[in-house]
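What follows is a short report on a single structure.
Number of protein chains: 2
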Amino acid sequence: MNSKYYKPFQPSVINFLNEIADKYPSAISLASGRPGDKFLEQLNPERLFQAATRFQQHAYGEARAAGSRLLQYGRSAGMIRELIAQQLRLDEKVASDPERMLVTTGCQEAISLCVAALCPNSDDVLLACNPTYGGAVGAAHANGVCVIPVSNDTSDLGESIERSVAELKKIGRKARALYLIPSFDNPTGRDLNESQRNAILTTCTRHRIVVLEDNAYGMFRYEGRAIQPMAALDTAGVVIYLSTFSKTLAPTLRVGAISLPETLFGDRRRCHALWKNLVERKSYSSINTSQISQAIVGGILLQENGSLERWIQPALSCYRDNRDAMLNQLETVLRPLSGDISWNRPPGGFFLVLEVPFRFCQEELINCANDYGVIVMPMSYFSLDDSQDQRIRLAFSGTNSNQIRAGINLLARFIASRLDLNGSAPPLLAEVSSPP
Amino acid sequence: MNSKYYKPFQPSVINFLNEIADKYPSAISLASGRPGDKFLEQLNPERLFQAATRFQQHAYGEARAAGSRLLQYGRSAGMIRELIAQQLRLDEKVASDPERMLVTTGCQEAISLCVAALCPNSDDVLLACNPTYGGAVGAAHANGVCVIPVSNDTSDLGESIERSVAELKKIGRKARALYLIPSFDNPTGRDLNESQRNAILTTCTRHRIVVLEDNAYGMFRYEGRAIQPMAALDTAGVVIYLSTFSKTLAPTLRVGAISLPETLFGDRRRCHALWKNLVERKSYSSINTSQISQAIVGGILLQENGSLERWIQPALSCYRDNRDAMLNQLETVLRPLSGDISWNRPPGGFFLVLEVPFRFCQEELINCANDYGVIVMPMSYFSLDDSQDQRIRLAFSGTNSNQIRAGINLLARFIASRLDLNGSAPPLLAEVSSPP
Chain V
1 MNSKYYKPFQ
11 PSVINFLNEI
21 ADKYPSAISL
31 ASGRPGDKFL
41 EQLNPERLFQ
51 AATRFQQHAY
61 GEARAAGSRL
71 LQYGRSAGMI
81 RELIAQQLRL
91 DEKVASDPER
101 MLVTTGCQEA
111 ISLCVAALCP
121 NSDDVLLACN
131 PTYGGAVGAA
141 HANGVCVIPV
151 SNDTSDLGES
161 IERSVAELKK
171 IGRKARALYL
181 IPSFDNPTGR
191 DLNESQRNAI
201 LTTCTRHRIV
211 VLEDNAYGMF
221 RYEGRAIQPM
231 AALDTAGVVI
241 YLSTFSKTLA
251 PTLRVGAISL
261 PETLFGDRRR
271 CHALWKNLVE
281 RKSYSSINTS
291 QISQAIVGGI
301 LLQENGSLER
311 WIQPALSCYR
321 DNRDAMLNQL
331 ETVLRPLSGD
341 ISWNRPPGGF
351 FLVLEVPFRF
361 CQEELINCAN
371 DYGVIVMPMS
381 YFSLDDSQDQ
391 RIRLAFSGTN
401 SNQIRAGINL
411 LARFIASRLD
421 LNGSAPPLLA
431 EVSSPP
Chain L
1 MNSKYYKPFQ
11 PSVINFLNEI
21 ADKYPSAISL
31 ASGRPGDKFL
41 EQLNPERLFQ
51 AATRFQQHAY
61 GEARAAGSRL
71 LQYGRSAGMI
81 RELIAQQLRL
91 DEKVASDPER
101 MLVTTGCQEA
111 ISLCVAALCP
121 NSDDVLLACN
131 PTYGGAVGAA
141 HANGVCVIPV
151 SNDTSDLGES
161 IERSVAELKK
171 IGRKARALYL
181 IPSFDNPTGR
191 DLNESQRNAI
201 LTTCTRHRIV
211 VLEDNAYGMF
221 RYEGRAIQPM
231 AALDTAGVVI
241 YLSTFSKTLA
251 PTLRVGAISL
261 PETLFGDRRR
271 CHALWKNLVE
281 RKSYSSINTS
291 QISQAIVGGI
301 LLQENGSLER
311 WIQPALSCYR
321 DNRDAMLNQL
331 ETVLRPLSGD
341 ISWNRPPGGF
351 FLVLEVPFRF
361 CQEELINCAN
371 DYGVIVMPMS
381 YFSLDDSQDQ
391 RIRLAFSGTN
401 SNQIRAGINL
411 LARFIASRLD
421 LNGSAPPLLA
431 EVSSPP
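If you read the protein sequences in the order shown, they are chains V and L.
Per our numbering, the very first residue in the first sequence carries number 1; after that it's consecutive.
Per our numbering, the very first residue in the second sequence carries number 1; after that it's consecutive.
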């Protein structure tokens, strides 16, 4: 089982994407799950430093040498834990406690620290959906931790987990944690409903598998009733909640957080020991998260009375429009091409999945970028096996609706050529305007 | 050998130090190797903002959406590599090349990434001086890498390395890297001369051991002729150079760098493969170093025409005075106490070593803080064995000469009590002023 699933350390999707974007600078990109540039511009340097100053004033008042405090080394656990806990309570309904929290250099460091701490032995295994965010698999592999895929296609993840646990038992290995993005998954956009979430909690509690809930996209819901994060549904002490300000504020801040439950499977001391272990690991990974970055996040949270709901409204509304533009264009130009092409309608987040009736991997990505002027992500980049080789991740967050329509048209031309249907491809939009 | 030397994952010195400082807030601290607060204050939020803006202007001019670039995700290898390479060439005489460089979240991440990349197998070993910076040992242990100590006391480190290599060979293990602070070592203040550096290079080249040269303190020389970093002396491709802006600019920035040699033991392709491996690991550790932090460093480097020599002058001059104040006070109050007390005169850096004729470990540290009002660091915290149990690290960077004199007096009272010489202790200085 190990040899089958364990991929050796491999090139990161992020770096490969950068190389492609450099090589084809004029291509339209539907590949990157970054926030829209225009929502970042509200955080120009002046505003950043106003925010830092606001936090400084709040934390230290007019105290002498207040300024230097932010510039010094700081606590490995972080200095804005109260404010982050408040934001998680207000915006995510997660009962986060500053004493069980750890501020990290983005969510990526949070994942890396948790995987290393939860899977210290060579027979420990991390479960992860297949496909899943490549950074989680990469972090596990970088820490020498084996990753076993759990199918992301089934509606019953709990059952898939049961099967993986049984298989692992046969070979004497143990699943210690499950990495999961329950809300608006990267890369699939899939949103688990409450009963699915509860089923996973039950299964993981039974097998003492910690759920690493990555909720990077949870605040970006475009339709339907809010579903609580698994950390809010958890009563057994099974969920570690991972959060980030990269999507709500700005990626550059590199501020995220790990929130531990009140107990770990009912054991309060074990939970505190894990927190201490994580803080130690944090100190050996990056000493502490930049206090300037923390002060910027803290200052914005103070200004917004603790919640980011108002702050993200313009982005939320734009991403919803982008999603709708993408869904409409897929309907308009791909539906007529073939009945074998399908896609999902994600109720939130940054991504959707397109399924095509042919292989779409690295070769096809390059072909698309080079000959058709559009960059999209093969789902195989997020996969631990070959089950995703006919799927594409389409991102609608970092662009605008004109570009989305033009990009989908270009992609349709490529697909038509692959299906030998060249006459059916739509004409290029007469004008493709660049983002405002 | 393994069981003898391999200490399990243990509490970090940094976190313990914070706890002690919290518990005894009025105690004078000679424990922390942080930059002096007053030199950080020249980087108030307004100046930080100016620096980031200067870099933005330099990098993007008036380009549309320039602002958002700094706020987005960025390259894992970093965006200010040219400026850092220039600074290393100007200030350290290290022939750094941006194409072989990687910007990291402080030097701590640099150490962690290098140790993990160079020691991927379970029988790979990291050599480290004993005592050494605890963060290096912690990073190795967090990555599951065994650390074997090399005596830091001998003047012939090359010979100590030879002995370690021979012993490791007997048990089928291999030293892959040596972590070393050649200039003004933390915690000892020891400065290796050029022939010592060359001897280590020869030994490490012969055994294909990569030298991880941590040069955090190199620019802080108070006397004597400059000695080139080992990376500048290296002609065989054996030294990976680790640098940081935590001591020269501010710890909060969390910006450091890894500079690889032109070849790795003569092999250019292997060196490039290592660089790519490190960039991958960086992407899985923290995606990229905050571009705001990078822009601040970049803006200051632009303002200073590439060199930080002028920038650090006030700090350099203060630290020199602090060192001299500490040496004078040791001479005045400790010399008369006992002939069995000794200390070194470091030609630079932030630290010196005091040796006492009794055990000084955690119990004594707490005793000192609680009953005498002075906090100092037992050298045992930096040690892989019990050889350092009668030594103390004294830091003179983060305080002022009045506090240093008062702190040494308090320490002298403690030492006198331990030596049963209570009558000989100096009176407390009448006035201990707080830092300006």
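In this text, a Cβ means the ideal position worked out from N, Cα and C, and glycines have one as well.
Alpha-carbon to alpha-carbon, L:R391 and L:D420: Their backbone Cα atoms lie some 19 Å apart in a straight line.
Beta-ladder partner(s) of V:G256, from DSSP: DSSP lists V:T104 and V:T244 as the beta-bridge partner residues of V:G256.
Buried or exposed by the 16-neighbour rule on C-beta atoms within 10 Å, applied to V:D37: buried
V:I20 burial status per 10 Å Cβ neighbour count (16 or more: buried): So V:I20 counts as buried.
Limits of the unbroken alpha helix (DSSP H) element including L:I148: Where L:I148 is concerned, there is no enclosing alpha helix (DSSP H), although the beta strand (DSSP E) around it starts and stops at C146 to S151.
Span of the beta strand (DSSP E), counted from its first residue to its last, around L:E41: No beta strand (DSSP E) contains L:E41, which DSSP labels as neither H nor E.
Chain V within 8 Å of L:T105, Cβ atoms only: yes
L:E213 versus V:R100: straight-line alpha-carbon distance, rounded: 36 Å
Start and end residues, beta strand (DSSP E) containing V:V356: First-last for V:V356: undefined, no H or E at that position.
Listed by chain order, chain L residues near V:R254 by CB distance under 7 Å: S286 and S290
Where V:F49 meets chain L, residues with beta-carbon distance less than 8 Å: P45, E46, L48 and F49
Chain V contact for L:V279 (CB, 8 Å cutoff): yes
Complete alpha helix (DSSP H) runs within the region 167-210 of chain L (minimum length 4 residues, chain order): 194-206
Option nearest L:F360 by Cα separation, candidates L:D22, L:V376, L:R345 and L:E92: L:V376
V:R254 beta carbon less than 8 Å from that of V:S293: yes
Own chain residues within Cβ distance below 6 Å of V:F358, not counting five before or after: R418
Beta-carbon gap between L:N288 and L:R69 smaller than 8 Å: no
Outcome for V:E194 when other beta-carbon atoms lying within 10 angstroms are tallied against a minimum of 16: It is exposed - the Cβ of V:E194 has fewer than 16 other Cβ atoms within 10 Å.
Under the three-state DSSP convention, the category V:N277 falls into: helix
Other residues of its chain near V:A395: CB distance less than 7 Å, five sequence neighbours each side excluded: Hits under 7 Å: L30, A31, S32, G33, F350 and F351.
Identified DSSP bridge partners for V:V125: V:C146 and V:A175
Proximity winner among L:F16, L:D234 and L:I404, relative to L:G266 (alpha-carbon distances): L:D234
Neighbour list for L:R75 in chain V, Cβ cutoff strictly below 7 Å: N18
Test item: CB-CB of L:S112 and L:A139 under 8 Å: Result yes, Cβ atoms of L:S112 and L:A139 sit closer than 8 Å.
Beta carbon proximity, L:E304 to chain V, threshold 8 Å: Not an interface residue.
Range of the contiguous beta strand (DSSP E) that encloses V:I408: From DSSP, V:I408 is part of no beta strand (DSSP E) but of the alpha helix (DSSP H) over S401 to R418.
Nearest-angstrom Cα separation, counted from L:A136 out to L:S122: If you draw a straight line from the Cα of L:S122 to the Cα of L:A136, it is about 18 Å long.
Inter-residue spacing [alpha-carbon to alpha-carbon] between L:A257 and V:S259: 30 Å
Chain V residues whose Cβ lies nearer than 8 Å to that of L:A128: Counting only Cβ-Cβ distances below 8 Å, L:A128 has no contacts in chain V at all, with the closest Cβ about 14 Å away.
Inter-residue Cα distance where the pair is V:M1 and V:E167: With a pLDDT of only 35 at V:M1, under 50, the local geometry of the prediction cannot be trusted, and the value read off the model is given with reservation. Answer to the nearest angstrom: the Cα atoms are 8 Å apart.
Other residues of its chain near V:R345: CB distance less than 8 Å, five sequence neighbours each side excluded: L327 and L352
Beta carbon of L:T252 nearer than 8 Å to that of L:I312: no
Contact set between the region 237-270 of chain V and chain L, restricted to residues whose Cβ is under 7 Å from the partner: A250, P251, T252, L253 and R254
Element boundaries [alpha helix (DSSP H), containing L:R320]: Here the alpha helix (DSSP H) through L:R320 covers E309 to Q329.
Beta-bridge pairing of L:M379 - partner residues as DSSP gives them: Looking at the DSSP assignment, L:M379 forms no beta bridge with any residue, so it has no partner.
7 Å Cβ shell around L:L274 - same chain, five flanking residues per side excluded: A117, L260 and L264
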